[in-house]
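Participant: These protein sequence lines map, in sequence, to chains A and B.
With this note's numbering, the residue at position 238 of the first sequence is 238, and numbering never jumps.
With this note's numbering, the residue at position 87 of the second sequence is 87, and numbering never jumps.
Quick reminder that beta carbons are idealized off the backbone N, C-alpha and C, glycines included.
There are 2 protein chains.
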Amino acid sequence: MPLIQYLSRILFDFGAVAGLAGEIDRLGMTRPLLATDEGVAEAGILQRVLDAVRPHDPVVYDGTTENPTEQSLLDCMELWRGRGCDGVIALGGGSPIDLAKAVALLASHGGELADYNVKTAGMEAIGPVAPQIAIPTAAGTGAEVGRACVMTLLDGRKSAAVSLNMVADAVICDPELTLSLPPRLTAATGIDALSHGVETYCSTWVNPPAAAIARDAAARAARWLPVAVAEGQNREARWEMMMAALMGGMCLQKSLGAAHAMANPLGELHLHHGTLIGILLPHVLWFNEAHAGEAIAELGEAMGAGKVPLGDFVSNLVARIGLPDRLGSLGVKGDQLPEIAARAAEDHLSASNPRPASAEDYLGLLKRAL
Amino acid sequence: MPLIQYLSRILFDFGAVAGLAGEIDRLGMTRPLLATDEGVAEAGILQRVLDAVRPHDPVVYDGTTENPTEQSLLDCMELWRGRGCDGVIALGGGSPIDLAKAVALLASHGGELADYNVKTAGMEAIGPVAPQIAIPTAAGTGAEVGRACVMTLLDGRKSAAVSLNMVADAVICDPELTLSLPPRLTAATGIDALSHGVETYCSTWVNPPAAAIARDAAARAARWLPVAVAEGQNREARWEMMMAALMGGMCLQKSLGAAHAMANPLGELHLHHGTLIGILLPHVLWFNEAHAGEAIAELGEAMGAGKVPLGDFVSNLVARIGLPDRLGSLGVKGDQLPEIAARAAEDHLSASNPRPASAEDYLGLLKRAL
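#1: Does L7/B come within less than 8 Å of chain A when only Cβ atoms are used?
#2: For T141/B and H283/B, I'd like the C-alpha separation in whole angstroms.
#3: Compare the Cα-Cα distances from G82/A to each of D361/A, L33/A, T64/A and R54/A and report the closest residue.
#4: Need the endpoints of the beta strand (DSSP E) that T152/B sits in, please.
#5: Going by alpha carbons, who is nearest to E124/B out of S95/A, R54/A, R26/A and G94/A?
#6: Pick from V318/A, A290/A, L280/A and S315/A: whose alpha carbon is nearest that of L370/A?
#7: Please state if the CB of P96/A and the CB of D37/A are separated by a distance shorter than 8 Å.
#8: Kindly indicate which three-state DSSP category P32/A falls into: helix, strand or coil?
#9: Nearest-angstrom Cα distance between P58/A and L79/A?
#10: Is the beta carbon of I191/A closer than 8 Å to that of R246/A?
#11: If I measure Cβ to Cβ from V118/B and keep anything under 7 Å in the same chain, skipping five residues before and after, which residues do I get?
#12: At what residue ranges does the region 234-283 of chain B contain a whole run of the alpha helix (DSSP H), taking only runs of 4 or more?
#13: Taking all protein chains shown into account, decide if D335/B is buried (16 or more other Cβ within 10 angstroms of its Cβ) or exposed.
#14: Does any residue of chain A bring its CB to less than 8 Å from the CB of A376/B?
#15: Does the Cβ-Cβ distance between A212/A and R48/B come in under 8 Å?
#16: Can you have a look at H348/B and say buried or exposed, based on whether 16 or more other CB atoms are within 10 angstroms of its CB?
#17: Using C-beta distances below 8 Å, list every residue in its chain close to L113/A, excluding the 5 sequence neighbours before and after it, in chain order.
#18: List, in chain order, every chain B residue whose beta-carbon is nearer than 9 Å to that of M166/A.
#19: Secondary structure at L91/A, three-state DSSP: helix, strand or coil?
#20: Apply the 10 Å Cβ neighbour rule to S8/B and answer buried if 16 or more other Cβ atoms are within range, or exposed otherwise.
#21: Using the C-alpha atoms, what's the distance from D361/A back to A290/A?
#22: Going straight from the alpha carbon of A138/B to that of R220/A, what length do you get?
#23: So, does the CB of P131/B fall closer than 8 Å to a CB anywhere in chain A?
#24: Might you give, ordered along the chain, the residues of its own chain that have their beta carbon closer than 6 Å to the beta carbon of G248/A, omitting 5 neighbours on each side?
#25: Taking the CB atoms as reference points, tell me whether A35/B and C76/B lie closer together than 8 Å.
#26: With distances taken Cα to Cα, identify the nearest neighbour of L330/A among G232/A, L271/A and T30/A.
#27: Please list, in chain order, all residues of the same chain as E66/A whose beta carbon is under 7 Å from its beta carbon, the five residues on each side excluded.
#28: When the cut-off is 8 Å and only beta carbons count, does M123/A lie next to chain B?
#29: Apply the 10 Å Cβ neighbour rule to K254/A and answer buried if 16 or more other Cβ atoms are within range, or exposed otherwise.
#30: Since I10/A contacts C173/A with CB under 8 Å, what's their CB separation in whole angstroms?
#31: Is it buried or exposed, E240/A, if we count other Cβ atoms within 10 angstroms and call 16 or more buried?
#32: Among the residues of its own chain, which have a CB less than 6 Å from the CB of G311/B, if the five just before and after it don't count?
#33: Check the Cβ of D216/A against every Cβ in chain B and list those closer than 7 Å, keeping chain order.
#34: Between the C-alpha atoms of A210/B and F313/A, what's the straight-line distance to the nearest angstrom?
#35: Check the DSSP bridge columns for V373/B and list the partner residues they point to.
#36: Taking all protein chains shown into account, do 16 or more other C-beta atoms lie within 10 angstroms of the C-beta of R356/B, making it buried, or fewer, making it exposed?
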């Protein structure tokens, strides 16, 4: 079983869930809480994991919403206390993974989630947290190796807690769990993985190991995402896409750029993150080209773009995997754009975009993408 | 200041030693022990670091030998106890870095080094150790991000202790410290960094993030090592070589291959590790070519070998940087080779070489390299 261990310990291969029981034991969990969502349960993935983990018998919470909420967290904490849990397993996409981090945090530190908002409390407020295991069921966000959890508080505000202490103690990446993911979701999550490689590679932050991982993630996703979308049962494509997503998550410490700076405020309109990224990324590449020519040329070579400009190449890829190319098709209206543009310019991810971008620049990008 | 953080926290740039005092404070050290060697002290590097770290006033041990010994460890432990130390700083190459790990281990766990031999005690015997900071003064081994310490016991045997808990809590990579490294040592350490990229990339272990880092390390070293050797004051070349060495250390978790399997037993003849690697690596590449054709071709492209076979390219590079190409020139005799070959075949690094290699194969390689 390939074991990858930088900050995270990652078991990665077909059948990796067979290693879950061993990780539970290694971390000293006797009564884990498993956080997942209804989609994962309905797809039969939850049952497969519960079968694999015997004789352990996790307490299951399957109410995670697409953008995780403090209400889910409170429900989980009630289960945690009522059932005597001592560790948490996330099974799903970014939402259960974020929720599990919040559970591990409150179970060990007490208080409320807002107490740990990185903007007010900083990262130092968070010490070692309760043990956690992350099991992604899609190949996209790379949240399984993340250090942050973003949740919607009861009053509607968003709150982010960030700490290296919240990195999952073990990650189990089993491409088997993604074989049944439908084409549309494969495309919309996979383009996010590709974008992590592309945007971190172009970001202004200096981090050559992350850049090396980023370029490889982008190349891997460019090659295998169309295959995984067209042939969901193609095991090699699923393995490669799960690896691209993992590597895309590992390189996020090099920061991102303008596409994510716009996707953040747009996401609050309850639009799917990856779908937004697929629409925005080509426009950002065209915008950045004159300011990150060398990085974009290197990416183009690694991704097999040939003589096609990278923005065109990604735009073609987005079309080929069946994703929309217009914000308007998601219901975004022109009069919403100025506020989105203003917030994108203020987003911390905008600062590492290779071409400085003002609110006016973002408005131009958003109008072209509308 | 670029901050790189996978398993290690790395401050990397010209002037990074200015961050040492902050790391000492962050780790709660009040009286650090600084382990280094006479060469580092004579080159004025020790004084530069002591100046940078004020008002901290580390207790200095400068008696580290080229292959660190248990006697050095006992001397350090006496200083540790006598002077009330509470953390350790390694300043130098692989030897002080290994020594510091052993100090951190015994200071926190007690007992003797042999108690923690990975072959008898395993990795589980080692819990969290005393705080450590590693500051490399050459661009080569990548030991600054390592998890092992290898030392010669009082009775002459070697003992290796290995644990993720022994990874340094902070690494400070300041290329400024390498500007005065003479050409021969620049070459002999730098070729080790290059070899880490090459051998890990070709190894049979599956670890794509490590492979991505490895390829980049090999490419970086191929481009910049000849420059750093020819122009020691070239700051860009020194930065790039220190980065290549760091990345070479990060990818070691993908294991190595036949060149290191032979360099290990040859090293016990007190021959310089990097010099050995420079002699052995071309022979290993010629030997592996038919079994790792794709990986070697990808490396060749990344390293700028053009149409030249990679073994020839590395052999030419070794000559160009002034390193010897014959084991005989180091005093190795033909009648020593059978035992070296037998031990290379038993070395754990041989198992991940892309072409299985028997003692007979190693004997052939060693004879060609003699």
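Facilitator: Judging by the given coordinates:
#1: True, the Cβ-Cβ gap to chain A drops below 8 Å.
#2: The alpha-carbon atoms of T141/B and H283/B are separated by roughly 21 Å.
#3: Closest option to G82/A, Cα to Cα, is L33/A.
#4: Under the DSSP assignment, T152/B falls in the beta strand (DSSP E) whose first and last residues are A148 to T152.
#5: Closest in C-alpha terms to E124/B, from the list S95/A, R54/A, R26/A and G94/A, comes R26/A.
#6: That would be L280/A, whose Cα lies nearest to the Cα of L370/A.
#7: Contact: yes.
#8: The answer is strand: DSSP assigns P32/A an E or B state.
#9: For P58/A and L79/A, the distance between alpha carbons rounds to 11 Å.
#10: The sequence shown places Leu at residue 246/A, not Arg. With a cutoff of 8 Å on beta-carbon distance, L246/A and I191/A are scored as not near each other.
#11: Taking V118/B as the centre and dropping the five residues before and after it, the same chain places the C-beta of A160, A161 and V162 closer than 7 Å to its C-beta, in chain order.
#12: Fully enclosed alpha helix (DSSP H) runs of 4 or longer: 235-250 and 258-267.
#13: Exposed.
#14: Since the first residue shown for chain B is 1 and the last is 370, residue 376/B is missing from the structure and cannot be characterised.
#15: Result no, Cβ atoms of A212/A and R48/B do not sit closer than 8 Å.
#16: Flag for H348/B reads exposed.
#17: Spatial neighbours of L113/A in its own chain (CB-CB distance under 8 Å, excluding positions within 5 residues in sequence) are listed in chain order as E70, L73, A102, L105, L106, M151, L153, S159 and A161.
#18: By Cβ distance, chain B contributes nothing, its closest Cβ being about 14 Å from M166/A, past 9 Å.
#19: L91/A: strand per DSSP, three-state reduction.
#20: Burial of S8/B is indicated by the presence of at least 16 other C-beta atoms within 10 angstroms of its C-beta.
#21: Computed Cα separation, rounded: 15 Å.
#22: Rounded to the nearest angstrom, the two C-alpha atoms are 34 Å apart.
#23: Chain A, which has no Cβ nearer than 8 Å to the Cβ of P131/B, makes this no.
#24: Within its own chain, the residues whose Cβ lies closer than 6 Å to the Cβ of G248/A, once the five positions on either side in sequence are excluded, are G142, A193, H196, G197 and A217, listed in chain order.
#25: One thing to note: A35/B has its Cβ within 8 Å of the Cβ of C76/B.
#26: Ranking the options by Cα distance to L330/A, first place goes to L271/A.
#27: The residues are S95.
#28: Chain B contact via Cβ: absent.
#29: Label assigned to K254/A: buried.
#30: Taking the Cβ atoms as the reference, I10/A lies roughly 6 Å from C173/A, within the contact range of under 8 Å.
#31: Under this definition E240/A is a buried residue.
#32: Within the same chain, G311/B has close Cβ partners P282, L285 and W286.
#33: Under the 7 Å cutoff, chain B gives P208 and A212.
#34: For A210/B and F313/A, the distance between alpha carbons rounds to 27 Å.
#35: Outside the shown range of chain B (1 to 370) lies residue 373/B, about which nothing can therefore be said.
#36: Checking the displayed sequence, the identity of residue 356/B turns out to be Pro instead of Arg. So P356/B counts as exposed.
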